[in-house]
Amino acid sequence: MEEEVDYAIKTSQLVKKFGDFKALDGMNLKVKKGEIYGLLGPNGAGKTTTIRVLCGLSNASSGKAQIFGKKVPNSAISKLIGYMPQETALYDGLTVKQNLKFFGEIFSLKNDRINEKIGELLKFIDLEDWKDEVTGNLSGGMKHRVSLACTLIHEPEVLFLDEPTVGVDPELRVSFWNYFNMLKDSGITILITTHYMDEARHCDRVGFVKRGKIITEGPPEDILKATGTKSLEDAFLEFSRTEELNHLEGVVVP
């Protein structure tokens with residue numbers, strides 16, 4: 001009997017078709033409450049599509065998707081989730097503070113609460129001195145930080161981060177993972193997609209995605225031990241080649 005686990009995110013045989021093409025082909029995903037789970041795989045594997053379905057931005061063709069037991073799509077979960085897309089969804093003509101205020105108003109936060117959250121988030125992303133700067137004048141890395149802050153303005157319980165460190169320099173990537181770990185420590189569940197296999201080792205668990213489904217998942221160190229490899233990239237190639245996953249001890253195969 002499967003151990004009873006408190007899952008924040010769960011999908012079952014999720015399928016998403018674009019014409020005859022299956023972007024998702026039986027995606028089975030379980031993310032525990034309060035963990036950082038990384039979806040790893042090449043471009044076109046289905047990582048972004050999975051997140052878009054879970055956020056209610058795209059409807060599944062078949063299968064089930066749930067967040068805290070609530071079926072997706074569902075307006076009741078909109079305030080429970082935060083989504084940071086690959087491309088920053090900021091208004092370049094507004095200041096940093098104005099962008100944060102705008103996103104707070106989208107979620108119907110009261111003005112006093114918005115101002116309180118803006119102060120907290122500017123401190124969190126270390127951009128207090130840039131609050132009145134027009135966002136279009138910021139560097140790419142700064143825009144990524146502002147985008148993360150906008151995602152957090154309404155205090156979501158689940159974060160969907162789609163390639164959040166793409167185009168970010170190595171030093172700032174370290175800072176971002178410090179942010180993610182602090183958010184995890186506060187009880188937030190994080191589902192992150194990345195093709196940086198090295199940084200994926202910071203996740204509690206990872207799932208390798210290929211052709212729209214998870215081919216294996218588990219804690220990064222367990223996967224490395226199971227394959228006898230030194231990097232998650234090599235482990236992914238090993239799993240991708242062999243397909244003989246059921247005999248690998250310590251790795252959960254959906």
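Counting in full-length UniProt numbering, the final residue of the sequence shown is number 254, and the numbers go up one at a time with none missing.
Glycine included, each C-beta is placed from N, C-alpha and C at the ideal position.
Everything numeric in this text was worked out from a predicted model, so none of it was measured.
(1) Where does E217 fall in DSSP's three states?
(2) Over what stretch of residues does the alpha helix (DSSP H) that includes F124 continue unbroken?
(3) Assess contact between the segment 63 to 70 and the segment 95 to 102, defined as three or more Cβ pairs (one per stretch) separated by less than 8 Å. Is contact present?
(4) Using 10 angstroms around the beta-carbon of G140, count the other beta-carbons present and answer buried if the total reaches 16, otherwise exposed.
(5) Taking only runs of the beta strand (DSSP E) that begin and end inside the segment 19 to 46, which ones reach a length of at least 3 residues, in chain order?
(6) Less than 8 Å between the C-beta atoms of E163 and T194, yes or no?
(7) Using the C-alpha atoms, what's the distance from F239 back to L245?
(8) So is R145 buried or exposed if we call it buried at 16+ other beta carbons inside 10 Å?
(9) Go through its chain and collect everything with a Cβ distance to I214's Cβ below 7 Å, but skip five positions before and after it.
(10) For L159, does the three-state DSSP call read helix, strand or coil?
(11) Under 8 Å between C-beta atoms, does D204 make it to chain B?
(12) For the alpha helix (DSSP H) that G104 lies in, which residues bound it at each end?
So, from the data block:
(1) Against the sequence shown, residue 217 aligns to sequence position 217. Strand.
(2) Taking the first residue of the sequence shown as position 1, residue 124 is located at position 124. Unbroken alpha helix (DSSP H) run through F124: N111 to F124.
(3) no
(4) As a first step, residue 140 is located in the sequence shown; it is residue number 140 there, counting from the start. G140 should be labelled exposed.
(5) 21 to 32 and 36 to 40
(6) The sequence position of residue 163 within the sequence shown is 163, counting from 1. The sequence position of residue 194 within the sequence shown is 194, counting from 1. Cβ atoms of E163 and T194: closer than 8 Å.
(7) By 1-based counting over the sequence shown, the position of residue 245 is 245. By 1-based counting over the sequence shown, the position of residue 239 is 239. For L245, the predicted structure reports a pLDDT of 45, less than 50, and the residue's modelled location is therefore unreliable. A value from the coordinates is still provided. Cα to Cα, the separation comes out at about 7 Å.
(8) Here residue 145 refers to the residue found at position 145 when the sequence shown is read from its first residue. Buried.
(9) Taking the first residue of the sequence shown as 1, we reach residue 214 at position 214. For I214, where only same-chain residues beyond five positions count, the Cβ hits under 7 Å are M27, N28, L29, G207, F208 and P254.
(10) As a working mapping, residue 159 is identified with position 159 in the sequence shown. Three-state result, L159: strand.
(11) Of the protein chains in the structure, only one exists, and it is not chain B.
(12) The residue you call residue 104 lines up with position 104 of the sequence shown. Note, G104: alpha helix (DSSP H), V96 to I106.
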